[in-house]
Amino acid sequence: MKIVTLVTTEFRRLTATGLARLALVALMLVPVLYAGLYLWANSDPYGNIKNIPVALVVEDTGSTLDDTAVNYGTQVHDQLIADNSVKWEEATAEQAASGVKNGQYDFVLTLGPDFSKLLTSAGTATPQQAVVQLTTNDTNSFLASSIAATVAEKVRLSISEQVGEAAALQFLNGFATIHDNLSTAVDGANQLVDGTGRAVSGSATLADGSATANTGAQSLASGAATAATGASTLASGAATAATGSATLADGASRLAAGASTLSSGAAASADGASTLASGAAQTNAGAQSLSSGLSALSNGVAGLPADTARLSTGAQQVADGNAALASAADSVTAATQDAADQLPVVRSEIVAGLKTARLTDAQIEEAIAPLDTVGTAITNGSKQAQQLDAQVSKLSDSAAQVAAGTKTLAGAAPGLADGAASAAAGAATLAGGTAQVESGASALADGTQKVADGASTLSSSASQLSAGASTLASGTAQVADGAATLASGNAQLADGASTLAGGTQQLADGSAALASGTAQLNTGAVQLRDGLVSGVDQIPYYTPDQRQTAAATIATPAVVDTDTVTKVTTYGAGMAPFFISLAAWIGIYALFLIIKPLSRRALTAIKAPLRVTAAGWLAPALLGALQMAAVYFVVTVPLGFTVANPALMLLFMVFTSITFVAIIGALNIWLGSVGQFLGLVLMVLQLVTAGGTFPWQTLPGPLAALHHALPMSYAVDGIRQLMYGGDLSLALNDVGVLAIWLLGALAFSMFLARKKTAARTLRDLRPSLIG
Numbered sequence: 001m002k003i004v005t006l007v008t009t010e011f012r013r014l015t016a017t018g019l020a021r022l023a024l025v026a027l028m029l030v031p032v033l034y035a036g037l038y039l040w041a042n043s044d045p046y047g048n049i050k051n052i053p054v055a056l057v058v059e060d061t062g063s064t065l066d067d068t069a070v071n072y073g074t075q076v077h078d079q080l081i082a083d084n085s086v087k088w089e090e091a092t093a094e095q096a097a098s099g100v101k102n103g104q105y106d107f108v109l110t111l112g113p114d115f116s117k118l119l120t121s122a123g124t125a126t127p128q129q130a131v132v133q134l135t136t137n138d139t140n141s142f143l144a145s146s147i148a149a150t151v152a153e154k155v156r157l158s159i160s161e162q163v164g165e166a167a168a169l170q171f172l173n174g175f176a177t178i179h180d181n182l183s184t185a186v187d188g189a190n191q192l193v194d195g196t197g198r199a200v201s202g203s204a205t206l207a208d209g210s211a212t213a214n215t216g217a218q219s220l221a222s223g224a225a226t227a228a229t230g231a232s233t234l235a236s237g238a239a240t241a242a243t244g245s246a247t248l249a250d251g252a253s254r255l256a257a258g259a260s261t262l263s264s265g266a267a268a269s270a271d272g273a274s275t276l277a278s279g280a281a282q283t284n285a286g287a288q289s290l291s292s293g294l295s296a297l298s299n300g301v302a303g304l305p306a307d308t309a310r311l312s313t314g315a316q317q318v319a320d321g322n323a324a325l326a327s328a329a330d331s332v333t334a335a336t337q338d339a340a341d342q343l344p345v346v347r348s349e350i351v352a353g354l355k356t357a358r359l360t361d362a363q364i365e366e367a368i369a370p371l372d373t374v375g376t377a378i379t380n381g382s383k384q385a386q387q388l389d390a391q392v393s394k395l396s397d398s399a400a401q402v403a404a405g406t407k408t409l410a411g412a413a414p415g416l417a418d419g420a421a422s423a424a425a426g427a428a429t430l431a432g433g434t435a436q437v438e439s440g441a442s443a444l445a446d447g448t449q450k451v452a453d454g455a456s457t458l459s460s461s462a463s464q465l466s467a468g469a470s471t472l473a474s475g476t477a478q479v480a481d482g483a484a485t486l487a488s489g490n491a492q493l494a495d496g497a498s499t500l501a502g503g504t505q506q507l508a509d510g511s512a513a514l515a516s517g518t519a520q521l522n523t524g525a526v527q528l529r530d531g532l533v534s535g536v537d538q539i540p541y542y543t544p545d546q547r548q549t550a551a552a553t554i555a556t557p558a559v560v561d562t563d564t565v566t567k568v569t570t571y572g573a574g575m576a577p578f579f580i581s582l583a584a585w586i587g588i589y590a591l592f593l594i595i596k597p598l599s600r601r602a603l604t605a606i607k608a609p610l611r612v613t614a615a616g617w618l619a620p621a622l623l624g625a626l627q628m629a630a631v632y633f634v635v636t637v638p639l640g641f642t643v644a645n646p647a648l649m650l651l652f653m654v655f656t657s658i659t660f661v662a663i664i665g666a667l668n669i670w671l672g673s674v675g676q677f678l679g680l681v682l683m684v685l686q687l688v689t690a691g692g693t694f695p696w697q698t699l700p701g702p703l704a705a706l707h708h709a710l711p712m713s714y715a716v717d718g719i720r721q722l723m724y725g726g727d728l729s730l731a732l733n734d735v736g737v738l739a740i741w742l743l744g745a746l747a748f749s750m751f752l753a754r755k756k757t758a759a760r761t762l763r764d765l766r767p768s769l770i771g
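Taking the UniProt record's numbering, the leading residue of the sequence shown gets 1, the next gets one more, and so forth.
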């Protein structure tokens with residue numbers, strides 16, 4: 001009997017009656033219904049998540065950010081409603097709690113009253129995390145709870161992205177503000193450097209001027225001391241001259257009185273010769289005495305012009321010295337006043353520079369305290385110099401008056417000497433005339449007339465001499481007073497000049513300290529400016545658009561760029577390889593409920609185990625191929641799954657089915673009904689080890705080992721490679737493993753058939769429960 005005959009006979013048996021045909025059709029449809037309905041039901045579950053009812057509870061009361069009211073809860077609510085990822089339904093906390101418990105809602109998403117307040121706390125010193133409360137109930141659906149966790153995580157990531165972007169933008173804006181402020185500080189530091197540079201130059205000039213002023217003050221003190229000594233000597237000489245002038249005035253007064261008497265006597269003599277004759281002897285004696293006194297007076301007055309001339313020269317020298325001293329004092333006063341006038345300007349520039357550098361008032365006061373000390377010393381020195389200059393000017397004026405008085409005295413002294421000489425000559429003539437009185441009356445009349453004239457001249461000269469002596473006495477008294485005042489003023493000048501020298505020395509020392517301090521201040525200002533410039537260069541600066549872009553990048557620093565070697569369009573397509581393989585096993589398992597793996601009658605009748613085994617495998621293999629063709633049609637046409645390699649996939653599905661025929665058939669040949677049950681057990685093992693749902697690496701160790709041993713694992717992998725357009729060499733490797741199972745199962749079946757053939761008897765021709 002041929003193999004085809006055996007197969008045909010088996011098909012006739014399966015379709016012998018209507019019930020048999022119905023059973024065959026029903027069992028043939030098992031894999032189609034199993035794979036088709038399951039894949040249809042799970043074709044795109046993630047695309048239908050939007051139908052899952054979810055309660056959304058928003059209790060957020062809002063907060064403020066940068067003085068602006070914000071309500072992140074409302075924003076999240078609006079975004080979720082617009083996103084429509086699930087069926088969001090607004091509810092109160094009570095409604096949501098009741099709904100998730102009774103199954104109205106699969107889960108609840110709650111934003112609490114302090115949601116916005118906690119989010120805005122990220123910009124404070126006490127940041128706190130906001131809470132997105134997720135409430136689930138696994139009695140509704142465990143997968144719904146998993147989906148809820150995924151949805152909540154997406155909400156959290158969206159919130160984190162928005163808040164992170166806002167925080168990053170605020171952070172970058174702060175950097176921009178710092179950059180701008182530091183730039184302003186750099187400008188201020190540049191101004192400070194310029195100001196301190198000018199202060200260094202000004203303080204150096206002040207130090208040089210102070211040193212020059214100190215040198216002049218030292219010279220002034222030395223000259224004032226010399227002038228004080230000369231003024232003291234002048235005062236002593238002037239006092240002596242005043243005493244002599246008083247004596248001279250007294251003698252001139254007596255002379256004027258005698259001349260007046262002489263003039264009266266001469267007039268009387270002119271009135272009558274008789275009276276002259278009687279008193280000629282007495283007149284001659286008086287004339288002799290007068291001549292002798294006038295000679296003595298003339299001799300005494302002869303040296304007066306030279307003395308007054310020397311006195312005038314000395315007084316003029318004192319006046320010239322005092323004038324030079326006054327000029328020097330004016331220079332010193334002008335220099336100290338100029339320094340005092342420049343000091344507030346320098347101080348104002350330094351204070352402005354320090355304020356520009358953003359120093360506090362206390363720091364500025366501490367920095368300029370040495371300058372204020374020096375300024376006080378300069379101001380006091382200027383005032384003392386002005387007082388001293390006034391005294392020196394007064395002294396110079398007094399000395400000039402003394403010089404003028406001595407000059408007048410010197411001019412009057414020669415006239416006084418000439419008058420005294422004339423008086424002496426007149427007295428001598430008078431004496432000669434009186435001697436000749438006796439010679440004759442006519443001579444007496446002439447003589448008395450001459451005497452009267454001479455006496456009148458003498459009286460006039462004596463009056464002039466008395467007036468000049470009085471003037472000389474008054475002038476020398478004034479000279480003495482002026483000289484005393486000059487001596488006192490020069491002493492005060494010497495003291496003031498000494499004080500001025502000490503003050504200018506302090507001024508010089510303070511100016512030197514100021515110059516050193518301003519140099520250090522300038523160095524510090526340069527270091528401050530350079531540090532600020534370095535800081536500005538190290539702080540990044542972005543435009544507002546760049547800051548916005550950077551904030552968005554910081555909030556989402558990385559994105560997933562998916563590059564797929566192969567791609568599954570839907571969840572159903574992803575599960576198809578597993579369910580197709582499982583359907584192939586179930587379909588063959590169902591067929592062996594009515595198909596005989598071996599024909600016992602054929603084994604008994606023809607004694608050909610190879611042909612009987614081949615026929616027992618070929619009949620269900622053909623039916624299994626037909627099942628796979630039907631499943632392929634359902635997968636590709638009604639369900640619309642895309643297949644990268646249609647022909648190869650169909651052939652692989654058929655090859656998988658005939659391999660499963662060989663395996664399940666061998667179990668049935670080996671153990672009969674028990675073997676059929678083992679086929680069910682083996683299906684369950686492969687259901688969990690094939691890696692159809694989760695990666696096989698997630699299996700426990702023993703089950704992972706079975707994954708590499710059982711055939712359905714390779715059936716699933718091969719369909720994946722061919723359906724998704726994967727590696728054909730891997731699919732070929734899967735074919736090889738399945739071929740080993742196929743050949744091994746057929747060889748085992750043949751071995752069992754040969755063994756059964758040797759032991760067959762006529763009793764084995766009786767029907768059994770399974771045919």
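For each residue, glycine too, the CB sits at the ideal point set by N, CA and C.
- Item | First and last residue of the uninterrupted beta strand (DSSP E) at E90 | First-last of the beta strand (DSSP E) with E90: 87-90.
- Item | Neighbourhood of M750 by C-beta distance below 8 angstroms, restricted to the same chain and skipping five residues each side | Closer than 8 angstroms at the Cβ level, and outside the excluded window around M750, lie P609, L610, T613.
- At 3 residues or longer, and completely inside the segment 118-205: list those beta strand (DSSP E) runs for me, N to C. If we require 3 residues or more, the beta strand (DSSP E) runs fully inside the segment 118-205 come out as 132-136.
- T61 to V70 span [Cα, whole Å]: C-alpha of T61 to C-alpha of V70: approximately 9 angstroms in a straight line.
- Can you tell me the Cβ-Cβ gap for L111 and E59, rounded? I've got them flagged as a contact below 8 angstroms. Between L111 and E59 the beta-carbon gap is near 7 angstroms, inside 8 angstroms, which marks them as a contact.
- Task: Kindly indicate which three-state DSSP category V643 falls into: helix, strand or coil?
- Result: Coil at V643, not helix or strand.
- Query: What residue from L752, L65, V54 has the CA that sits closest to Q133's CA?
  - Reply: For Q133, the closest C-alpha among the options L752, L65, V54 is that of V54.
- Task: Would you be able to state if there are at least three C-beta pairs under 8 angstroms between the segment 146-161 and the segment 75-88?
- Result: Yes, the segment 75-88 is in contact with the segment 146-161.
- Message: Do T150 and A107 have their beta-carbon atoms positioned less than 7 angstroms apart in this structure?
- Response: Going by the sequence as given, residue 107 is Phe instead of Ala. Not a contact, by the Cβ cut-off of 7 angstroms.
- Could you tell me the boundaries of the beta strand (DSSP E) in which S63 lies? Unbroken beta strand (DSSP E) run through S63: 63-65.
- Span of the beta strand (DSSP E), counted from its first residue to its last, around T68: T68: member of the beta strand (DSSP E) spanning 68-70, first to last residue.
- Task: Report, in whole angstroms, the separation of the C-beta atoms of M628 and A584, which I expect to be a contact under 8 angstroms.
- Result: That belief holds up - the Cβ atoms of M628 and A584 are roughly 6 angstroms apart, short of 8 angstroms.
- Tell me, to the nearest whole angstrom, how far the beta carbon of L722 is from that of A731; I am working on the premise that it is less than 8 angstroms. About 5 angstroms separates the beta carbon of L722 from that of A731, a gap short enough to meet the 8 angstroms contact definition.
- Would you report the Cα separation of S470 and Q492, rounded to the nearest angstrom? C-alpha separation (whole angstroms): 33 angstroms.
- Buried versus exposed, by CB contacts within 10 Å (16 or more), D341: D341 comes out exposed.
- Query: For N522, which residues from the same chain have a beta carbon less than 8 angstroms from its beta carbon, with the 5 sequence-adjacent residues on both sides left out?
  - Reply: For N522, where only same-chain residues beyond five positions count, the Cβ hits under 8 angstroms are V193, T196, G197, A199, V200.
- With distances taken between CB atoms, is the gap from R529 to N214 smaller than 7 angstroms? No, Cβ-Cβ distance for R529 and N214 is not below 7 angstroms.
- Excluding sequence positions up to five away, which residues of its chain have a Cβ less than 8 angstroms from the Cβ of L710? Closer than 8 angstroms at the Cβ level, and outside the excluded window around L710, lie L682, L685, Q686, T689, A690.
- Message: Applying the 10 Å Cβ sphere with the 16-neighbour rule, what's the burial state of A287?
- Response: Its pLDDT being 48, under 50, A287 is placed unreliably in this model, and the value from its coordinates should be taken loosely. The residue in question, A287, is buried, as its Cβ has 16 or more Cβ neighbours within 10 Å.
- Message: DSSP three-state label for L699, please.
- Response: Residue state, collapsed to three classes: coil.
- Message: Among I364, V30, S474, whose alpha-carbon lies nearest the alpha-carbon of T518?
- Response: The shortest Cα separation from T518 among I364, V30, S474 belongs to I364.
- Item | Simplified DSSP state of A462, which is helix, strand or coil | Reliability fails at A462, whose pLDDT of 49 lies under 50, so the model's placement of it is uncertain and the value that follows must be treated cautiously. In the displayed model, A462 falls within a helix according to three-state DSSP.
- Using the DSSP secondary-structure output, state which residues sit across from V58 in a beta bridge. Partner(s): L111.
- For the alpha helix (DSSP H) containing Y589, list its first residue and its last residue. Judged by DSSP secondary structure, Y589 falls within the alpha helix (DSSP H) whose first and last residues are 571-591.
- Task: Between the Cα of Q387 and those of A362, E349, G411, D495, spot the shortest distance and give me the residue it belongs to.
- Result: Looking at the Cα atoms, D495 is the closest of the given residues.
- Item | Proximity winner among A352, V674, R547, A576, relative to V32 (alpha-carbon distances) | The shortest Cα separation from V32 among A352, V674, R547, A576 belongs to A576.
- Leaving out five residues on either side along the sequence, give the residues of the same chain with a beta carbon under 6 angstroms from the beta carbon of G36. Residues V634 of the same chain have their beta carbon placed closer than 6 angstroms to that of G36, with the five preceding and five following residues left out of the count.
- Task: Select from T698, K50, G725, D66 the residue whose C-alpha is nearest the C-alpha of E89.
- Result: Looking at the Cα atoms, K50 is the closest of the given residues.
- CB T120 to CB S63, shorter than 7 angstroms? In this structure, S63 lies closer than 7 angstroms to T120 by Cβ.
- Look up P53 in the DSSP assignment and give the residues it is bridged to. Secondary-structure assignment with DSSP links P53 through a beta bridge to K87.
- Item | Supposed contact pair T15 and L22 - C-beta distance, whole angstroms, cut 8 angstroms | About 10 angstroms separates the two Cβ atoms, so there is no contact after all.
- Message: Measuring straight from C-alpha to C-alpha, what distance separates V674 and Q104?
- Response: Those two C-alpha atoms are separated by around 47 angstroms.
- Quick one, which of I588, A525, P646, D114 has its alpha-carbon nearest R358's? That would be A525, whose Cα lies nearest to the Cα of R358.
- Counting pairs of beta carbons, one from the segment 651-662 and one from the segment 691-703, are three or more of them closer than 8 angstroms? Note that the segment 651-662 does not touch the segment 691-703; fewer than 3 beta-carbon pairs, one per stretch, sit closer than 8 angstroms.
- Message: Can you give me the C-alpha to C-alpha distance between I740 and F11, rounded to a whole angstrom?
- Response: So the two alpha carbons sit approximately 28 angstroms from each other.
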